[in-house]
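Chains as they are written, first to last, in my numbering: chain G, 3 to 113; chain P, 39 to 152.
Where a beta carbon is used, it is the ideal one built from N, C-alpha and C, also for glycine.
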Amino acid sequence: KQEVTQIPAALSVPEGENLVLNCSFTDSAIYNLQWFRQDPGKGLTSLLLIQSSQREQTSGRLNASLDKSSGRSTLYIAASQPGDSATYLCAVRPSGGKLIFGQGTELSVKP
Amino acid sequence: DTAVSQTPKYLVTQMGNDKSIKCEQNLGHDTMYWYKQDSKKFLKIMFSYNNKELIINETVPNRFSPKSPDKAHLNLHINSLELGDSAVYFCASSQGGRASYEQYFGPGTRLTVT
């Protein structure tokens, strides 16, 4: 049974710092991995999608990596800003189409 | 705006009532999903429809019945609401139902059962 774990559960950093969020999954048989952002009381915004054949994806200050064999992904945020404060969710897609989510990392960037 | 939209945004109701949540996407996708986010913020899939056909049906009480009148709409009807049904329900969509495609989420419906 696929399980997704995100560490840490919460993170507080000063503005400007580079940071890494971690995601691990128990079954390496996945089609892709998706990182989302969720603001309080809002829906999910897709940040990056990494296919199983890819090692990383970049969008602006965000870089996500995928090591399928070890069951790990990281989301790197460069030069963090207060506007980056949100909950970051990692989700893997095994066969069958459904996304399996981790419980998220709540990020707070202090000005 | 191209998006996934849900109505209502908030729903407060009493135990035992029947309620519906509506979802519409104008992204041209043909696969739609319902997810439930519990009080601990854990998101879990409930149902998925591809071209109006049910393709994923997780272990969900049969009080929950999804209905897809067309590819752009997926509604969720809940009978005999219970306190434990209180959660945020998210609708999502993707193109073609293929595993490689990205899922796009709606803003959520916060259901509170009293």
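Residues of chain P whose Cβ lies closer than 8 Å to the Cβ of residue 14 of chain G do not exist, since the nearest Cβ in that chain is about 17 Å away. Only buried fits residue 125 of chain P, as 16 or more other CB atoms lie within 10 angstroms of its CB. The straight-line gap separating the alpha-carbon atoms of residue 68 of chain P and residue 113 of chain G is approximately 43 Å. For residue 48 of chain G, the neighbours in chain P by C-beta distance under 9 Å run, in chain order, 140, 141, 142, 143. By the Cβ rule, the stretch 14-28 of chain G does not count as touching the stretch 119-133 of chain P, because fewer than three pairs are nearer than 8 Å.
Looking at the backbone, the Cα of residue 35 of chain G and that of residue 55 of chain P are separated by about 38 Å.
Across the structure, residue 59 of chain P and residue 146 of chain P are spaced so that their CA atoms are roughly 10 Å apart. Residue 72 of chain P and residue 104 of chain P do touch by the CB rule: their CB atoms are close to 6 Å apart, below 8 Å. The way I'd put it, the stretch 27-47 of chain G does touch the stretch 73-81 of chain G; three or more beta-carbon pairs between them come closer than 8 Å. If you compare the alpha carbons of G:27, G:71, G:64, G:53 with that of residue 102 of chain G, the shortest gap goes to G:27.
From the beta-carbon of residue 106 of chain G, the residues of chain P found nearer than 7 Å are 79. If you compare the alpha carbons of P:86, P:122, P:45, P:101 with that of residue 78 of chain P, the shortest gap goes to P:122.
Of the other Cβ atoms in all chains shown, 16 or more fall within 10 Å of the Cβ of residue 75 of chain P; this residue is therefore buried. Per DSSP, the beta bridge partners of residue 104 of chain P are P:114. Residue 45 of chain G reaches chain P at 128, 143, 144, 145, 146, counting residues in chain order whose Cβ is nearer than 7 Å.
The beta carbon of residue 114 of chain P sits closer than 6 Å to the beta carbons of 59, 72, 104 from its chain, once the five residues preceding and following it are set aside; these are given in chain order.
Distance check between residue 64 of chain P and each of P:133, P:92, P:150 places P:133 closest, using alpha-carbon atoms only. Against chain G, the beta carbon of residue 83 of chain P has neighbours under 7 Å at 100, 101, listed in chain order. Among the residues of the stretch 3-37 of chain G, those with a Cβ less than 9 Å away from any Cβ of chain P are 32, 33, 34, 36, in the order of the chain. The Cβ of residue 51 of chain G sits closer than 8 Å to at least one Cβ of chain P.
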